[in-house]
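Here is the structure we will look at, set down as structure tokens.
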Amino acid sequence: MDTAEILKKVRQIEIKTKGLTNHIFAGEYHSAFKGRGMSFSEVREYHFGDDVRSIDWNVTARFNTPFIKVFEEERELTVMLLVDVSESSAFGTKKQDKRHLITELCAVLAFSAINNNDKVGVIFFSDGMERYIPPKKGKSHILFIIRELLSFTPKRKGTNLKETLRFFNNATKKRSIVFVLSDFLSGDYQDALNIASKRHDVVGVHVYDQRDKELPPVGLIQVSDAETGDVQWIDTNDRQVRQYYERQFAQHAQYCKNAFLKSGAELVSVRTDEDYVKALQTFFLNRA
């Protein structure tokens, strides 16, 4: 895309996603992450109806009566978007490719964040860290991020989430809300995810295409791995081939789910040809 096309696309995405943020996700983002960025204020006696998870057991034991910790919500949070720009993210067969969906999701999350007076930063990653955009506030910053999402060309093709999370863990000391938007076609990232989830509020957004999950019976076709360049012929009319392909996706999806569950993080899945609004609404409401 040339500059005029990029600016036109930025405007289209702004109109669509800002409208969703203002009319559909108004308040839901704030409710989902309230109390996620909290600072300690004081200790007071427990009252009926207080959350028992807030009990300060050391003070309770000292005075032989229940006390709870009181926290104040921080005035601003930092939202980091970890965006997969590997070659596989350019894949899509119906409504849009994964990268375009990721761009829209980032825009919705970013506009929601600035409406909540939060800062937003971005890390583009492939099989290495491609680009870091420091967290800032403001509409112009969000439009800059969208423009970069549309025009950025990665230097590498593969995916290495482990190294990306390691970079993030080292570079970001303040507790943040972290959205990892990817198809997660990466090697083992469990340890790095565990560390990130202890320090930050981590949410994975698994973006996939229908053809990542299943093959149509269209005969003998040549397929290539977008990230490695490996090419092979497969017979899609063979039922066992199609079943194997579906099992591989199911195993990969289960690995992603288990990895986030084990780390204490959360994962939401969105398909390229399905409405992401419902998926985000359900996610926000479940956290509220």
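Residue 1 is where the sequence shown starts when you use UniProt numbering, and the numbers rise one by one after that.
No residue lacks a Cβ here, since even glycine has one placed at the ideal position from N, Cα and C.
Note that this is a predicted model, so its numbers are computed, not measured.
Inter-segment contact for the segment 229-239 and the segment 115-130 is absent: fewer than three beta-carbon pairs are separated by less than 8 Å.
Taking a C-beta distance under 8 Å as the contact criterion, residue 164 and residue 123 qualify as a contact pair.
Sequence-distant Cβ neighbours of residue 166 in its own chain, meaning closer than 7 Å and more than five residues away, are 192. Judged by DSSP in its simplified three-state form, residue 77 adopts coil rather than helix or strand.
Taking the C-beta atoms as reference points, residue 204 is found nearer than 8 Å to residue 266. In this structure, the CA atom of residue 219 is about 24 Å from the CA atom of residue 228. Approximately 18 Å separates the beta-carbon atoms of residue 250 and residue 88; this is outside 8 Å, ruling out the contact. Judged by DSSP secondary structure, residue 175 falls outside any beta strand (DSSP E); it is assigned neither H nor E. Assignment of residue 141 by DSSP, reduced to helix, strand and coil, places it in the helix class.
Looking at the DSSP output, residue 67 bridges to 45. Between residue 182 and residue 127 the beta-carbon gap is near 12 Å, outside 8 Å, which marks them as no contact. Under the three-state reduction of DSSP output, residue 82 falls in the strand class. Only buried fits residue 110, as 16 or more other CB atoms lie within 10 angstroms of its CB.
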